[in-house]
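In what follows, a single structure is set out as structure tokens and then discussed.
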Amino acid sequence: MDITSLTLKEIKEALDKKDISSYELCLACLKRIKKFNKNIHSFITVREEVVKEAKIADVERKKGSKKPLLGIPFGIKDNFLTKGIKTTSASHVLSDYIPQYDSTVVSKLKSAGALIIGKTNLDAWGHGSSGEHTDYGVTNNPYAKGYVTGGSSSGSAAAVAADFCVAATGSDTGGSNRQPASYCNIVGLKPSYGRVSRYGVIAMASSTDCMGLLTKTVWDSAYILSVIAGYDRLDSTSKEVPVPDYVQEMNKPFKAKIGVPKEFFDGIDSHVSKKVENALSILEKKGHKLVSISLPYVAYAYPIYAVVQTSEVSANLARFDGIRYGNGREYFGDEAKRRIMIGTHSLSSGYADKYYKQAMKGRTLLIKEFEKAYKKIDLIAGPVYPFPAFKHGERETDPLKMYLSDVLTVPANLTGHPSISVPIEFVNGFPTGFQLIAPHFSESRMFKVGLDIEQELQMYKVKPKLW
Amino acid sequence: MVNEYFLPVIGLEIHVELSTNSKMFCACPAKHFGIPPNTQTCPICLGLPGALPSANEKAIKDTILIGLALNCQIARTSKFDRKQYFYPDLPKGYQISQYDEPISVNGRLEVKSQKSKVKDVIRIRRVHIEEDTGKLIHKKVNGENITLVDFNRSGVPLVEIVTEADMHSAQEAKEFAQRLQRIIRYLGVSDCDMEKGSMRLEANISLTKINPKSEIRNPKLPNYKVEVKNINSFRFLERAINYEIKRQTELLKEEVTPRQETRGWSEADNATIAQRYKETEADYRYFPEPDIPPMEFSVSFINKIKISLPELPEEIQDRLRKFYKLPQDYLDVLTKDKRTLEFAEKALKLAVSQKVDPRFVASAIVNQKADLERKSPEKFIKELLDKKKEVVSDEPTLEKWVQEAISESSQAVADYKSGKLEALAPVIGKAMQLSKGRANPVLVKKLLESKLKN
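As you go down the protein sequences, you meet chains X and D in turn. For the first sequence, the residue numbers in this note's numbering are 3 to 469. For the second sequence, the residue numbers in this note's numbering are 204 to 657.
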């Protein structure tokens, strides 16, 4: 058995029983990365030093350390600042940037004993749904050569799917964790806005950015969330809501009333919707109740998101003005330039009323619509992507076609609700995800229901054949 | 037509750096004057990738306090906004400021009117909080002209106070600014030191045509305005405004509307120099700062700050006037700063308890200000009483000193005669000096007043 294929839960058990060591695990992961990453392009930076750190972790474990993630190799999305480790955000603008400090998520992971095996690829600055907008080589879908992984956490998803690391961090601004998780047969988590600190992650759209995870299973996701969640005095938008033991919460019996919005199935690829319906019927069989609902404002979610997100992007990228980070503004790629221009326009006097302010009003209506729905239901369920994974270059030249990828994931970013993508049956050989959206700070609910699908389908046992 | 004249319409925009311990959005020290460059910085005030601001509660309370002292309405909800513009001293590419929901609005401050005994009310449009920028230092290094950036000042809490264009002369604007400085110093929230840049003045000046028969109090605002920056003393404020009034009057007489522009006061040229001219207003693309949740101030929160509001110079003057029957020019000197006031209050109390005329004590304080720092009020009163024994109240002797003082203080005398009542103090001081402190100051003052009246 290859130890890299184990889930976090299995690895923790094996480490506890001394069946394996962190050193062996990290070495095996590195070996795999060396062999396959040149084709997958999931890492921008690989840290060979991780094996030394793993040895130290093994000594610590022998001494009785109970750190929750001791010696576990993580992939860190390359927009999370890592002290002393180059952080590029997959853009040449920051090709030489070595941060002076760790993002809060990274420092929490480190305190829990986790190791950084490398920094993962992404659509530069988080701008993308396919992993193609990177300056560091387009990420290949481990399940389908020449096909996209989804984005923007493309490298994190591919690395976890390819067993290069046990788990990885991701930032989700409009679906960036759930989308690549869906196309790579893994679990993608976007926690509630304010659940996990944003401090130290290069901001994309500050009001929708959520720091989350890409993991092999729901258990792994729940377990790590308990480590990284919590109030951070450095992030004024993080909330002082107590962090539960999500694994414990997940195992309590719960039968949910699940709302299935018809708008989530409008214009969806019929093969995708069939697999999603299968997953829904599994849940029904397991005792959950399905309720058909309607969320009419979901139709406006993407246009609202496009304005809010690009507006914030245009402000957040202003600091890369060529004065301090070595490379000038000409290093920005087309997608970043596109978003900066759209956002700048949306905020300009004479246009702000029509675009930015109008979008903010729409956002309020969307939030109200979701809150109203949650008075009658416990969770919302639907697909993640409206269509299966596509070929490299297929949508890249048509930004509008590309933006369609986001229609089902952006609502949760605009409302701030937690959401998860759980793998379901493949569509014509391509992985697909099932999306759950829960009320604020009710992550446990989606873990519980997600677990029911996972236990039934056991998709995490289906491994890609790398080349 | 003949009766028409040009009335200056002046508004001020005043920036005050708060003397909080830490900066507005991070834990770096806020005190930056004279500190080696870039030694008080962190990821937040350097605007490094991923850094996020956390608002300084003390600075927000101080801003509310200033708002209350200026009789403003305090907002129950307020928020921060991003003001976007490019400049090398602004590391994020935007300044965190306040746009449409400032902490306080609609205040007022009274200043002495030039023409009548009635006080003029200057309306305060808004008081808001924002962050200061870094500082550019232009230097020649190895024969090359370069610009360096010091980020110690970046993120220091900065309060912006904007008045309505209610002032009509340089003197009035100066009076307003001085009064504001004194109030903020009394609040203890800033040292308002113009030399160190912790108080910065900008004036908007324009002229409007007035028919004296019509209502002067509500003049029509002109369709242009000239903004003057780089004013770092009250004297320059007065000069810059007077210069602008003259410059604009000349243009208007030629029927040329002055250009709407930003000018800078140049000390070397003793003139304002055109700096920036824009066809349209700058578009800062303001939008709500998503990194800081909106603020809500409860009534009890505001009331708590209200209770901490100290007695302000005007109120103190009223009290001292009623209690000790002191004249206005004395009151102005005694309430000039907190330290003088504290000394005076103690000394006046002692004077009453020892049955000494408070006016005599007040006059001694006013005229011997320089010595006060080294003395306790008790010692001061004791010395005063000792001296009083040898106080000269004999009129011919006083007359000699007074006459000499007048001839030696021609400028002050001229000022006094032209209506500047506070110019009498140095003349009294001179007479006191000539008498080696033995002259009865109350009599000296009376004598001077009667002499200069003619």
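Positions of the beta carbon are idealized from the N, C-alpha and C atoms, including for glycine. If you're wondering where the values come from, they're calculated on a predicted model, not measured in any experiment.
- It is roughly 20 Å from the alpha-carbon of residue 363(D) to the alpha-carbon of residue 439(D).
- Close to residue 495(D), with beta-carbon spacing below 9 Å, are these residues of chain X in chain order: 238 and 239.
- If you check the CB distance, residue 394(X) and residue 185(X) do not come in under 9 Å.
- About 45 Å separates the CB atoms of residue 502(D) and residue 628(D); that is not less than 8 Å, and the two are not in contact.
- Residue 128(X) is outside the set of residues whose beta carbon lies under 9 Å from a beta carbon in chain D.
- In the DSSP annotation of this structure, the continuous segment of the alpha helix (DSSP H) that includes residue 106(X) starts and ends at 106-113.
- Close to residue 257(D), with beta-carbon spacing below 9 Å, are these residues of chain X in chain order: 235, 236, 237 and 238.
- For residue 202(X), the chain D residues whose C-beta falls within less than 7 Å of its own C-beta are 253, listed in chain order.
- Here the segment 105-122 of chain X does not lie against the segment 437-456 of chain X, with fewer than 3 beta-carbon pairs under 8 Å apart.
- Annotation: residue 512(D) to residue 506(D) spans about 10 Å, alpha carbon to alpha carbon.
- Inter-residue distance for residue 625(D) and residue 353(D) is about 42 Å (C-alpha atoms, whole angstroms).
- At a cut-off of 9 Å between C-beta atoms, residue 285(D) counts as an interface residue with respect to chain X.
- Per DSSP, the continuous alpha helix (DSSP H) segment holding residue 345(X) begins and ends at 336-349.
- Counting only residues of its own chain and dropping the five nearest sequence neighbours on each side, residue 338(D) has a CB closer than 6 Å to the CB of 353 and 356.
- Secondary structure within the segment 543-612 of chain D: the alpha helix (DSSP H) runs of 4 or more consecutive residues, fully enclosed, are 561-570, 580-592 and 598-611 (chain order).
- Within the segment 177-232 of chain X, the runs of alpha helix (DSSP H) that reach at least 4 residues and sit entirely inside it are, in chain order, 180-185 and 220-230.
- Close CB contacts of residue 60(X) within its chain, under the 6 Å cut and outside five residues either way in sequence, are with 23, 24 and 25 (chain order).
- In the same chain as residue 260(X), and ignoring 5 residues on each side of it, the C-beta atoms closer than 6 Å to its own belong to 290, 292, 381 and 383, in chain order.
- Leaving aside the five residues that flank residue 365(X) on each side, the residues in its chain whose CB is nearer than 7 Å to its CB run, in chain order, 306, 310 and 416.
- Closer than 7 Å at the C-beta level to chain X, one finds these residues of the segment 462-491 of chain D: 486, 488 and 490.
- Within the segment 269-299 of chain D, the residues whose Cβ lies closer than 7 Å to any Cβ of chain X are, in chain order, 285, 287, 289, 291, 294, 295, 296 and 297.
- Under the Cβ distance rule, residue 425(D) does not count among the residues neighbouring chain X, no pair being separated by less than 9 Å.
- With its beta carbon at least 9 Å from every one in chain X, residue 358(D) lies outside the interface.
- Counting along the chain, the unbroken alpha helix (DSSP H) around residue 39(X) starts and ends at 24-42.
- Here residue 408(X) really is in contact with residue 176(X); their C-beta atoms are around 5 Å apart, less than 8 Å.
- Judged by beta-carbon spacing, residue 96(X) lies beyond the 9 Å limit of residue 171(X), meaning their Cβ atoms are not closer than that value.
- Secondary structure within the segment 454-528 of chain D: the alpha helix (DSSP H) runs of 4 or more consecutive residues, fully enclosed, are 502-510 and 516-527 (chain order).
- Residue pairing by DSSP places residue 407(D) opposite 214(D) and 430(D) in a beta bridge.
- Rounded to the nearest whole angstrom, the CA to CA distance from residue 551(D) to residue 258(D) is 43 Å.
- Taking a cut-off of 8 Å on C-beta distances, the segment 276-284 of chain D does not touch the segment 521-531 of chain D, as fewer than three cross pairs fall below it.
- For the options 269(D), 388(D), 603(D) and 495(D), the alpha carbon positioned closest to that of residue 308(D) is the one of 269(D).
- The continuous stretches of beta strand (DSSP E) do not include residue 275(X), which lies in the alpha helix (DSSP H) extending over residues 272-287.
- Against residue 320(X), the close residues of chain D are 287, 289, 295, 296 and 297, in the order they occur along the chain (beta-carbon pairs closer than 8 Å).
- Measuring C-alpha to C-alpha distances from residue 145(X) to each of 224(X), 154(X) and 160(X) identifies 160(X) as the nearest.
- With a threshold of 16 other beta carbon atoms within 10 Å, residue 334(X) meets it and is buried.
- Approximately 10 Å separates the beta-carbon atoms of residue 533(D) and residue 567(D); this is outside 8 Å, ruling out the contact.
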